[in-house]
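Numbering (UniProt numbering), first residue to last: 1 to 260.
All C-beta atoms, glycine included, are put in the ideal place defined by N, C-alpha and C.
Bear in mind that the values here come from a model prediction, so they are computed numbers and not experimental data.
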């Protein structure tokens with residue numbers, strides 16, 4: 001007859017040790033699994049003085065800078081939750097064209113260094129000021145072509161900044177003297193479609209109107225891009241027709257509605 005280990009626990013009546021309750025056995029199996037953090041690199045580009053830095057500071061600190069801060073290259077990080085998923089949003093604030101710069105070599109140096117920060121970008125915010133028509137023109141002439149050339153396929157969102165100044169009397173007078181007027185919402189919508197942006201927004205860093213929605217849209221655009229990129233890879237070559245690609249683009253516009 002097999003002998004019993006002296007250290008083996010027994011019941012008081014001399015029987016076998018009790019079986020642990022099922023809840024104890026499954027304790028580890030029920031432990032919550034940590035949700036992986038989704039990382040998004042968002043790059044802001046556009047002319048100088050359109051309010052890119054103000055957008056980032058207002059979003060990340062809930063404050064507003066009292067004066068214009070010329071930027072070379074700044075990085076900010078924000079941790080947010082979108083659709084129940086934790087997200088680490090890396091914001092890269094890029095130097096734009098400094099109109100009226102005393103030394104053009106400064107702009108040339110920015111032009112040389114800026115593309116280095118485009119590497120591994122997940123989404124771009126192409127920013128213009130609604131009260132600086134030249135910055136709106138440069139979206140088409142400069143910024144969209146540069147992003148499409150260096151980072152083809154990466155989602156772009158067109159962002160009209162400083163919308164709180166659209167009705168400012170002094171600014172309207174100044175623009176009228178130059179035979180110009182603020183960029184309208186309809187003009188922004190048309191420009192967004194023409195450059196292939198996945199969404200369009202107008203916002204204000206000062207009042208924070210649509211500010212959170214702009215960066216939420218950037219995160220969602222990246223998530224959709226990843227999902228639909230996987231979908232495209234699963235499709236066979238015969239299914240990748242121009243009609244399907246066009247339909248996909250239209251779907252993006254429905255999912256990422258305009259924020260105005």
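Buried versus exposed, by CB contacts within 10 Å (16 or more), residue 202: As a working mapping, residue 202 is identified with position 202 in the chain shown. Classification of residue 202: buried, given that the 10 Å Cβ count is 16 or more.
When burial is assigned at 16 or more other CB atoms within 10 Å of the CB, is residue 41 buried or exposed? Numbered from its first residue, the chain shown carries residue 41 at position 41. Result: buried.
On a Cα-Cα basis, can you pick out the residue from 210, 112 and 48 that is closest to residue 138? Locating residue 138 in the chain shown gives position 138, counting from the first residue. The option with the nearest alpha carbon to residue 138 is 48.
Look at the alpha carbon of residue 248 and the alpha carbon of residue 226, and state the distance between them as a whole number of angstroms. One-based indexing of the chain shown puts residue 248 at position 248. One-based indexing of the chain shown puts residue 226 at position 226. At residue 248, the pLDDT of 46 sits below 50, so the modelled position is not reliable; the number obtained from the coordinates is stated separately. Each residue's alpha carbon lies about 13 angstroms from the other.
Please work out which residues of its chain come closer than 6 angstroms, Cβ to Cβ, to residue 180, disregarding the five sequence neighbours upstream and downstream, and give them in chain order. Translated into positions along the chain shown, residue 180 becomes position 180. Close CB contacts of residue 180 within its chain, under the 6 angstroms cut and outside five residues either way in sequence, are with 133 (chain order).
Could you pull out every residue in the same chain whose Cβ sits closer than 8 angstroms to the Cβ of residue 75, ignoring the five residues on either side in sequence? The count along the chain shown starts at 1 and reaches residue 75 at position 75. Excluding the 5 residues flanking it on each side, residue 75 has same chain C-beta neighbours closer than 8 angstroms at 90, 91, 92 and 93, in chain order.
For residue 130 versus residue 183, is the C-beta spacing smaller than 8 angstroms? By 1-based counting over the chain shown, the position of residue 130 is 130. By 1-based counting over the chain shown, the position of residue 183 is 183. Against a cut-off of 8 angstroms, the Cβ pair of residue 183 and residue 130 comes out as a contact.
With DSSP as the reference, label residue 59 as helix, strand or coil. In the chain shown, the residue the question calls residue 59 occupies position 59. Here residue 59 sits in helix by DSSP.
Would you identify the three-state DSSP class for residue 64, choosing helix, strand or coil? Within the chain shown, the letter at position 64 stands for residue 64. Residue 64: coil per DSSP, three-state reduction.
Who are the Cβ neighbours of residue 39 in its own chain at under 6 angstroms, not counting the five residues just before and after it? Within the chain shown, residue 39 is the residue found at index 39, counting from 1. Excluding positions up to five away in sequence, the list reads 88.
Taking residue 46 and residue 126 to be in contact with their CB atoms under 8 angstroms, please state how far apart those CB atoms are, rounded to whole angstroms. By one-based count along the chain shown, residue 46 stands at place 46. By one-based count along the chain shown, residue 126 stands at place 126. Taking a contact as a CB-CB distance under 8 angstroms, the pair residue 46 and residue 126 counts as one, their CB atoms being some 6 angstroms apart.
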